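Here's the structure we're looking at; comments come further down.
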Amino acid sequence: RTEEGKKIRNAFISEKGYKLVSLDYSQIELRLLAHIGKVNELKKAFDLNLDIHKETASQIFNKPIDQIDNNLRRKAKTINYGIIYGISAFGLSKQLNISRSDADFFLKGYFKKYTGISKYINETTNFCKKNGFVKTLFGRECYIEGINNKNSSFRNFAIRAAINAPIQGSAADIIKKAMINIYKFLKEKKTKSKMILQVHDELLFEMCESEIKYLSMDIKKIMENSTLPEIKLDIPLIVDIGQGFNWAEAH
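Quick note: the sequence shown, position 1, residue 96 per my numbering, numbers continuous.
See the structure below:
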């Protein structure tokens, strides 16, 4: 995300007659949190294609959307993503450079508005304490060590991992399933274009310029439907497309 990062991406260039095309899942972890945690407020925001961070800010700070400035949106974004990693009031206070009492106030407001998340955290933690693992949407078991450790530091770390694993693990499963389907699709179509890299929620392709228009849309469709037929999500997965002669332009 930094200027240095952009310069590094500029160093990756496509062959002549080709472009680098990036297809990136948009906010997949928050979408999975909405589905797994059955969080109706998040589901509604995604269904209406609203700015999820502004919506969160409006909910927890009790202000109309048009009064949410960039500062409040940034705080809400930090909380949204922090929740996925089991953030504490102490951790949030450090990230936002605010007092611990303010961070605690924000988190309490968040859980009050998004009641499904508290239920998800409690149920997931209790399941892990009993079984020693949590599951992704596809049933893959993620084993968590130290969830019942008497040492609070070890235990709290394990709890955060247990909260995160079903969400991040499901996102990993989804993109891996998409990659398998895309590989089969490209092979079947005998394309000149190639899938060359996966980075978190992004897939990078080197596409022949004559194939970009139809291929990118077909691959987008495969990625957005990669949970099917096993699982139908309550909210849609959205994939953004970017292209350029280097990775920075495509991102």
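From the three backbone atoms N, C-alpha and C, an ideal C-beta is built for every residue, glycine too. Keep in mind that this is a model prediction, so the values were computed, not measured.
What separation, rounded to the nearest whole angstrom, lies between the Cα atoms of residue i and residue j?
i, j, result
"residue 113", "residue 224", "51 Å"
"residue 175", "residue 126", "11 Å"
"residue 177", "residue 285", "43 Å"
"residue 213", "residue 161", "28 Å"
"residue 167", "residue 246", "36 Å"
"residue 320", "residue 98", "34 Å"
"residue 263", "residue 252", "16 Å"
Can the beta-carbon of residue i be found closer than 9 Å to that of residue j?
i, j, result
"residue 115", "residue 340", "yes"
"residue 302", "residue 310", "yes"
"residue 208", "residue 155", "yes"
"residue 306", "residue 282", "no"
"residue 346", "residue 169", "no"
Under 8 Å Cβ to Cβ from residue i, same chain only, skipping five residues before and after it: list those, please.
i, result
"residue 322", "232, 269, 272, 328 and 332"
Is there a Cβ from chain C that is less than 9 Å from the Cβ of residue i?
i, result
"residue 144", "Among the chains in the structure shown there is no chain C, since it carries only a single protein chain."
Can you list, in chain order, the residues of its chain whose CB lies under 7 Å from that of residue i, leaving out five sequence neighbours each side?
i, result
"residue 335", "119 and 121"
"residue 101", "343"
"residue 211", "132, 133, 134 and 135"
"residue 130", "328, 329 and 330"
Taking 6 Å as the limit between beta carbons, can you name the residues of its chain near residue i, skipping five residues before and five after?
i, result
"residue 202", "184"
"residue 123", "266 and 296"
"residue 249", "241"
"residue 289", "301"
Please check the pair residue i and residue j, which I expect to be a contact at CB under 8 Å, by giving their CB distance rounded to whole angstroms.
i, j, result
"residue 179", "residue 128", "6 Å"
"residue 299", "residue 153", "With a Cβ gap of about 35 Å, residue 299 and residue 153 do not count as contacting."
"residue 163", "residue 172", "About 11 Å separates the two Cβ atoms, so there is no contact after all."
"residue 275", "residue 314", "Going by Cβ atoms, the distance from residue 275 to residue 314 rounds to 13 Å, so no, they are not a contact pair."
"residue 294", "residue 260", "Contact flag wrong, Cβ pair sits at about 20 Å."
CB of residue i to nearest heavy atom of the ligand GDP: below 8 Å?
i, result
"residue 219", "The ligand GDP is not part of this structure, which contains no ligands at all."
Check your understanding: Between the stretch 125-141 and the stretch 321-331, do at least 3 Cβ pairs fall closer than 8 Å?
Key -> Cβ pair count under 8 Å is three or more, so yes.
Review point. Would you say the stretch 191-204 touches the stretch 222-240, given that touching needs at least three Cβ pairs under 8 Å?
Key: With fewer than three CB-CB distances shorter than 8 Å, the stretch 191-204 does not count as touching the stretch 222-240.
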